[in-house]
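Q:
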Amino acid sequence: MKDFKSADRIQDLQFFGEFGGVNPSITDSSTFTFLQAQTMSDVFEGKKEGCYLYARHWNPSNHYLSKALAQMEDTESALVTSSGMAAISSTIMQICQAGDEIVSSRTIYGGSYALLKNFLPKFGITTKFVNTTKPEEVANAVSKRTKLIYCETMSNPMLEITDIREMSKIAKANNCLLVVDNTFSPLIFTPAHLGADIVVHSLTKFINGMSDCVAGAVCASHEFINSLYEVSSGAAMLLGPVLDAHRSASILKNMRTLPIRMQQHARNALSLSEKLTADGYRIIYPGLANHPQHALIKEISHSKYGSGGLLVIDLKEKEKADRFMESMQEANVGYLAVSLGAYKTLFSAPGHSTSSEIPEEERTMMGLTHGLVRLSIGLDDNIDRTYQKMKHCLESVLAKNETNEL
Ligand SMILES: *Cc1c(COP(=O)(O)O)cnc(C)c1O
């Protein structure tokens, strides 16, 4: 993979505060003054850029965070939003109109799936769901009406890796845009280098990493970002998912530690995956040699950041999954909670929580059963201690000799 030093880009961000502060000042204003009335009309007419008008349009704090994200994803520009779903819905609604079609991966975040499947058809935008790990399925699904191809670099919750290079070839050949959700794998993948036109993120997860707020981002060309906040036609401007300046400022500070956090998440997740696999449990983790896209991730990722902080364990039955999660919470392995990318381990059963928007038969097709437990591994300093606790929880939930049957 092209050697791209995204961590150096983050390290080198240099934004001064109003009085020479080492962090940029937080702009605590919803509106901005103009010295000349003419400048204000020029801004409304799009004749003048670089002035602040109203905080739903742009505010300086959001600008700093957007610049940092564009640096990280190596795109010309970026825009921050009040949630990951706002970034995704604004992007899609900016590109598509009634009659257009989307070809999407079938293993995506439950909210994204519900948006495509249930919500967008109200506006005449329909979606074909396919297995994006099989590029031929995508090529076959694309039609003259297809406006965009949508996938996640590392999918939720099955942790499948899509070859973005292949998706990009299909998108280019069919004159449509490739939108990639890189929420599970910041720094691990740089989708723009692999051919993605637009990269979306839920900042709520690894990038902020503190489980204290919800936010999102779109990273793309100047042209596309400008279209999103254009005063009279931009989805971000008109649907209004603006991020609060205080939150923007705190996310920017947390981003400074993302490179070291991503490495620790991945080290811990790999260690647990290897040990639990050796114990006979069924583990899904892209860093294990038995993962179907293990070779692909090695080929297209930045290896320094490993294979991510998520792993899935398959306990076959809902009752066992539930008891395992409750006992892990009792043992203080982490929290039984949705979401991911936090300093502390979070776990949930996607089959009956975050992916419950996906119909049962489709879940079965993708192997998303009720016995799956998804764990987002925290920054634990002593991962062997965590492993011992997890092992104890597993043994208390499963009867003797049951491991071998898994
Ligand atoms: C959480 C998540 C989203 C939605 O983000 P919010 O910040 O919760 O709106 C989208 N995609 C993926 C992969 C996610 O994990």
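Numbering (my numbering), first residue to last: 28 to 433. Quick reminder that beta carbons are idealized off the backbone N, C-alpha and C, glycines included.
(1) Is it the case that the CB of F374 approaches a heavy atom of ligand 1 more closely than 7 angstroms?
(2) Can you check whether the CB of I37 is closer than 8 angstroms to the CB of M282?
(3) Give the single residue among I129, D208 and T189 whose Cα lies nearest to the Cα of K171.
(4) Does the Cβ of P148 have 16 or more other Cβ atoms within 10 Å, making it buried, or fewer, making it exposed?
(5) With DSSP collapsed to three states, give me the class of S110.
(6) Could you say which of P51, L399 and Y79 lies nearest to T58 if we only look at CA atoms?
(7) Of the choices L270, P184 and S104, whose alpha-carbon is the least far from that of S139?
(8) Can you tell me whether V226 is helix, strand or coil according to DSSP?
(9) Nearest by alpha-carbon distance to Q415: which of S300, L323, T396 and F374 is it?
(10) Identify every residue that forms a DSSP beta bridge with T372.
(11) Since T15 sits in a beta bridge, which residues does DSSP pair it with?
(12) Quick one: grab the DSSP three-state call for Y332.
(13) Using C-beta distances below 6 angstroms, list every residue in its chain close to E384, excluding the 5 sequence neighbours before and after it, in chain order.
(14) Quick check on F146: does DSSP put it in helix, strand or coil?
(15) Taking the C-alpha atoms as reference points, what is the distance between T134 and H220?
(16) Consult DSSP for P268 and reduce its assignment to one of helix, strand or coil.
(17) Counting only the same chain and skipping the five closest in sequence on each side, list residues whose C-beta sits under 7 angstroms from that of L279.
(18) Can you pull the DSSP bridge partners for E179?
(19) N431: buried (16+ other C-beta within 10 angstroms of its C-beta) or exposed?
(20) Count the other C-beta atoms from every protein chain shown that fall within 10 angstroms of the C-beta of T180, then say buried if there are 16 or more, exposed otherwise.
(21) Using a Cβ-Cβ cutoff of less than 7 angstroms, which residues in the same chain neighbour E76 once the five nearest sequence positions on both sides are dropped?
(22) Going by DSSP in three states, T118 sits in which element: helix, strand or coil?
(23) Compare the Cα-Cα distances from I197 to each of S52, I404 and Y177 and report the closest residue.
(24) Any idea which residues DSSP pairs L338 with across the strands?
(25) So, at 6 angstroms on beta carbons, what are the nonlocal neighbours of P162 in its own chain, with the 5 sequence-adjacent residues on each side left out?
(26) In angstroms with no decimal places, state the Cα-to-Cα distance between H419 and T391.
(27) If you check the beta carbons only, do A293 and G335 fall under 8 angstroms apart?
(28) At least one CB of chain D closer than 8 angstroms to the CB of G398: is that the case?
(29) Tell me the DSSP bridge mates of Y81?
(30) With a 10 Å radius around its C-beta and 16 neighbouring C-beta atoms as the bar for buried, classify R288 as buried or exposed.
(31) Are the stretch 246 to 256 and the stretch 98 to 105 touching, with three or more C-beta to C-beta distances below 8 angstroms?
A: Taking the structure as given:
(1) Between ligand 1 and F374, a heavy atom-to-CB distance of less than 7 angstroms is absent.
(2) Yes, Cβ-Cβ distance for M282 and I37 is below 8 angstroms.
(3) Distance check between K171 and each of I129, D208 and T189 places I129 closest, using alpha-carbon atoms only.
(4) P148 comes out exposed.
(5) Coil.
(6) The shortest C-alpha separation from T58 is found at Y79.
(7) From the listed residues L270, P184 and S104, the smallest Cα separation to S139 is found for P184.
(8) DSSP places V226 in strand when its eight states are reduced to three.
(9) Minimum Cα distance to Q415 is reached at S300.
(10) DSSP output for T372 lists G361 as bridge partner(s).
(11) There is simply no residue 15 to check, as the chain begins at 28 and stops at 433 in what is shown.
(12) Three-state result, Y332: helix.
(13) By the criterion of a C-beta distance shorter than 6 angstroms, E384 is surrounded in its chain by G137, Y140 and A141, once the five residues flanking it on both sides are discounted.
(14) Helix, per DSSP.
(15) Annotation: T134 to H220 spans about 23 angstroms, alpha carbon to alpha carbon.
(16) If DSSP states are grouped into helix, strand and coil, P268 belongs with coil.
(17) Sequence-distant partners of L279 (beyond 5 residues in either direction) whose C-beta falls short of 7 angstroms from its own C-beta, in its chain, are Y91, L92 and A95.
(18) According to DSSP, which records beta bridges pairwise, E179 is partnered with D208.
(19) A caution first: N431 carries a pLDDT of 49, below 50, which makes its placement in the model unreliable, though a value can still be read off. Exposed is the call here.
(20) Buried is the call here.
(21) Cβ contact annotation for E76 (same chain, cutoff 7 angstroms, sequence separation greater than five): none.
(22) DSSP, reduced to helix, strand and coil, places T118 within a helical segment of the structure shown.
(23) In terms of Cα proximity to I197, the closest of S52, I404 and Y177 is Y177.
(24) In DSSP, L338 forms a bridge with L402.
(25) Excluding sequence neighbours, P162 sits near E193.
(26) Looking at the two C-alpha atoms, the distance is approximately 29 angstroms.
(27) Yes, Cβ-Cβ distance for A293 and G335 is below 8 angstroms.
(28) The chain labelled as chain D is not found in the depicted structure, where only one protein chain is given.
(29) Answer is T58, bridged to Y81.
(30) Classification for R288: buried.
(31) Flag = yes, the stretch 246 to 256 and the stretch 98 to 105 touch.
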